[in-house]
Structure formats: C-alpha cells, structure tokens
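A.B. asks: Could you have a look at this structure, given as structure tokens, before my questions?
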Amino acid sequence: MSTKIDQRSLVVLLQHPLAEYRDVPAPAREVVIAGLTWVTDFWPSLAVSWIEQGVPLDQELVDLLIEIGQQSRWPQQLRHKAKALVRRWWREGR
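Structure, rendered in structure tokens:
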C-alpha cells in the first residue's frame with residue numbers, strides 16, 4: 034500500500050540543510066518540487082536553496098524555476114536566483 038505524503042509535510046523538510054536530508058519520506062527532488070509549487074515565497078526560496086546546495090536539475094525543475102523567474106509576484110531576489118540556476122543549467126549543457 035502506497036502512502037501519498039501531503040505537500041505541507043514535505044515543505045517543512047526544507048528548513049534543514051540538504052546535507053542532513055536522507056530521502057525519507059520522499060526523494061529530495063520531490064521535496065524541492067513541493068517547495069517550488071508553494072503559493073507563498075518562503076518555501077520556494079528554501080527549495081531554491083536546496084538546488085543551490087546540490088539537488089540536480091532536470092527539465093521539470095527548470096520549468097518551475099522559469100515560471101518563478103517570470104512572475105513579478107515573487108520577490109526580486111528569488112526571481113534572480115531562479116533565473117541564474119536556469120542559466121547555469123543551460124550553460125552546463127543540461
């Protein structure tokens with residue numbers, strides 16, 4: 034039997050450094066997605082921090098970062114970090 038973890042249970046994990054995370058109860062990537070799709074800027078900012086700390090980017094994460102970078106509702110610092118991560122991903126050849 035599979036148990037689906039709610040988004041709130043995942044985003045709280047972002048409060049700790051990525052290095053302390055052990056992929057329980059979900060892979061780090063899923064925790065980051067939960068953060069990037071949250072409606073306020075606190076959790077997306079922490080999710081971006083986890084990416085900066087080493088969560089590997091893939092097309093889905095890049096698409097979420099592009100959305101954040103294009104929406105003026107997010108704080109400027111968050112938008113800039115999101116855009117920088119996307120540029121780095123493209124520069125490194127994906």
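In our numbering, each residue's number is its place in the sequence shown (first place is 1) plus 33. Backbone N, C-alpha and C fix where the C-beta goes; we use that ideal spot for every residue, glycine too.
(1) Which one of 53, 99, 69 has the shortest CA to CA distance from residue 41?
(2) Would you give the residue range spanned by the alpha helix (DSSP H) that residue 72 belongs to?
(3) Taking the alpha-carbon positions, what's the residue 97 to residue 47 distance?
(4) Could you tell me whether the Cβ atoms of residue 94 and residue 84 are closer together than 8 Å?
(5) Buried or exposed: which applies to residue 115, given that a residue is buried once 16 or more other Cβ atoms fall within 10 Å of its Cβ?
(6) Taking the C-alpha atoms as reference points, what is the distance between residue 126 and residue 72?
C.D. replies: According to the data block:
(1) Taking the first residue of the sequence shown as 1, we reach residue 41 at position 8. Here the closest residue by C-alpha is 69.
(2) What you label residue 72 is simply residue 39 of the sequence shown in a count that begins at 1. Annotation for residue 72: no alpha helix (DSSP H) segment contains it, and DSSP assigns it neither H nor E.
(3) By one-based count along the sequence shown, residue 97 stands at place 64. By one-based count along the sequence shown, residue 47 stands at place 14. Straight-line Cα distance between these residues: approximately 17 Å.
(4) What you label residue 94 is simply residue 61 of the sequence shown in a count that begins at 1. What you label residue 84 is simply residue 51 of the sequence shown in a count that begins at 1. Taking 8 Å as the Cβ cut-off, residue 94 and residue 84 qualify as a contacting pair.
(5) Residue numbering aside, residue 115 sits at position 82 when the sequence shown is read from its first letter. It counts as buried.
(6) Within the sequence shown, the letter at position 93 stands for residue 126. Within the sequence shown, the letter at position 39 stands for residue 72. One C-alpha to the other measures close to 30 Å.
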